[in-house]
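Taking it in order: structure first as structure tokens, then the write-up.
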Amino acid sequence: MPKLLVIGGAGYIGGHMVSQLVKAGHHVVVLDDLSTGFQTAIDESHAQLVVGDVGDRNLLNALFKADRYDGVLHFASLIQVGESVVKPARYYRSNVANTLTLLEAMVEHDVGPLIFSSTAAVFGEPEYSPIDEAHRQAPINPYGASKYMVERMLEDFDHAYGLKSVALRYFNAAGADPSGQIGERHDPETHLIPLALHAVLGARPPLKVFGRDYPTPDGTCVRDYIHVTDLAEAHLRALEYLWAGKPTTRFNLGNGNGFSVQEVLNAVERVTGQRVPYEDAPRRGGDPANLVADSRAAKSVLGWCPQYGELDTIVEHAWAWEQKRVKLT
Ligand code: UFG
Numbered sequence: 086m087p088k089l090l091v092i093g094g095a096g097y098i099g100g101h102m103v104s105q106l107v108k109a110g111h112h113v114v115v116l117d118d119l120s121t122g123f124q125t126a127i128d129e130s131h132a133q134l135v136v137g138d139v140g141d142r143n144l145l146n147a148l149f150k151a152d153r154y155d156g157v158l159h160f161a162s163l164i165q166v167g168e169s170v171v172k173p174a175r176y177y178r179s180n181v182a183n184t185l186t187l188l189e190a191m192v193e194h195d196v197g198p199l200i201f202s203s204t205a206a207v208f209g210e211p212e213y214s215p216i217d218e219a220h221r222q223a224p225i226n227p228y229g230a231s232k233y234m235v236e237r238m239l240e241d242f243d244h245a246y247g248l249k250s251v252a253l254r255y256f257n258a259a260g261a262d263p264s265g266q267i268g269e270r271h272d273p274e275t276h277l278i279p280l281a282l283h284a285v286l287g288a289r290p291p292l293k294v295f296g297r298d299y300p301t302p303d304g305t306c307v308r309d310y311i312h313v314t315d316l317a318e319a320h321l322r323a324l325e326y327l328w329a330g331k332p333t334t335r336f337n338l339g340n341g342n343g344f345s346v347q348e349v350l351n352a353v354e355r356v357t358g359q360r361v362p363y364e365d366a367p368r369r370g371g372d373p374a375n376l377v378a379d380s381r382a383a384k385s386v387l388g389w390c391p392q393y394g395e396l397d398t399i400v401e402h403a404w405a406w407e408q409k410r411v412k413l414t
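Going by our numbering, the final residue of the sequence shown carries number 414, and the count climbs one at a time with no gaps.
Below, the structure is given as structure tokens:
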């Protein structure tokens, strides 16, 4: 049974990953400092939780000495674009410096391979759409730059030390596990779909639509929403790819369909049967108009086959989770 270290496994995408890894029969150890993740995201009867910081070299040494890992999945990161502009030091410390500490520890203890959570934000303003892996990388905010820097480190660590990795660039992760047991949870929440659902539930003020003057068909920003379960599936495929001895690389992960903010609100109204209370607001800094993935490489090379590509399905699963959450709290 392969043994995997999942860093950031108490977070949104990491938590869904742990659930799928456990279902697939893997032995999972989660390392999470619980700064943004939630202990309740982990079923500790199935996965061991170590509370700690990925930047703590002594802790990594102890973990890698105590056990032989067959791979590491690194989800832990700060993810708010706007915050990264005003607090870049936090982002470079957490996303770059801490990841460097992890990579050094992996090399020293001969641990690998690594699956790294990257982002569409490594591309900046797209020069063409959909965005494939050959698109030039020119991030426009410290968050995107921090992930781009790690991607560069991964290439260099492969050339110099033979550390094999796959960087997976998520477009807009969304939805919740179809079981309804786990789902999206951020504090503060900044993402469109949960905020729209919370507005429907009356748990928050009306949603602010950030900008209606973008060069898109209806003037609102277009994004490629990808189901979190499909994202987790791509990680399993990427692990198999690396275990088969294939080379270090990176893949863009999305559905290849762009939906505007207004179209997402329409989907939320279809699924919930209720109006989304919203108001128009100025643009949010750092938002590109259009981000849509060309994921043909992940499909052909990894055999990745997203199952929940319909926007309404993504919103249905998120809605089931949010209703359950509201009952729980
Ligand atoms: N939006 C609103 N109102 C809100 C929240 C969001 O109008 O209250 C809009 C945003 O302006 C954007 C779209 O909805 O146009 C989606 O916004 P999200 O915050 O849900 O997601 P982002 O596209 O900003 O960011 C996501 C990830 C980032 C990642 C980025 C690109 O959260 O980590 O995709 O990969 F960098």
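Glycine is no exception: its CB is placed at the ideal position from the N, C-alpha and C atoms.
Under 8 Å, do L282 and V353 count as touching if we go by C-beta distance?
yes
H312, DSSP secondary structure in three states:
In the structure shown, H312 sits in a strand (DSSP, three-state: E or B).
Name, in chain order, the residues that DSSP records as bridge partners for L253.
In the DSSP output, where bridge partners are listed per residue, L253 has S202, F336.
Three-way DSSP call (helix, strand, coil) for V157 in this model:
strand
Can you list, in chain order, the residues of its chain with a C-beta nearer than 7 Å to that of R221? Leave out the 5 residues immediately preceding and following it.
E212
On a CA-only basis, which of V91, C306, A161, F336 is nearest D155? Give me that one, please.
V91
If we count the other Cβ atoms within 10 Å of its Cβ and call it buried at 16 or more, is M325 buried or exposed?
A quick correction: the sequence has Glu, not Met, at residue 325. Exposed.
Which class does E364 belong to by DSSP, given the choice of helix, strand or coil?
strand
Spatial neighbours of F295 in its chain, beta-carbon cut-off 6 Å, leaving aside the 5 residues before and after
Excluding sequence positions up to five before and after F295, its CB lies within less than 6 Å of the CB of A366, R368, R369, all in the same chain and listed in chain order.
Using CA atoms only, rank isn't needed, just tell me which of T357, M234, P362 is closest to I399.
Checking every option, the nearest Cα to that of I399 belongs to T357.
Under the three-state reduction of DSSP, which class applies to I278: helix, strand or coil?
If DSSP states are grouped into helix, strand and coil, I278 belongs with the helices.
Classify A205: buried if its beta carbon has 16 or more other beta carbons within 10 angstroms, exposed otherwise.
buried
For T334, which of P279, V251, E189 has the nearest alpha-carbon?
V251
Among the candidates G100, S214, Y177, whose CA atom is the shortest distance from the CA of L158?
Out of G100, S214, Y177, G100 has the C-alpha closest to the C-alpha of L158.
So, under 8 Å CB-CB, V135 and L116 are touching, yes? Tell me the CB distance rounded to an integer number of Å.
5 Å
Going along the chain, which residues of its own chain have a beta-carbon closer than 8 Å to the beta-carbon of D262, five neighbours each way excluded?
Taking D262 as the centre and dropping the five residues before and after it, the same chain places the C-beta of H101, S104, G268, V313, T314, H402, W406 closer than 8 Å to its C-beta, in chain order.
Assign S345 to one of three DSSP states: helix, strand, or coil.
DSSP, read as helix, strand or coil, puts S345 in strand.
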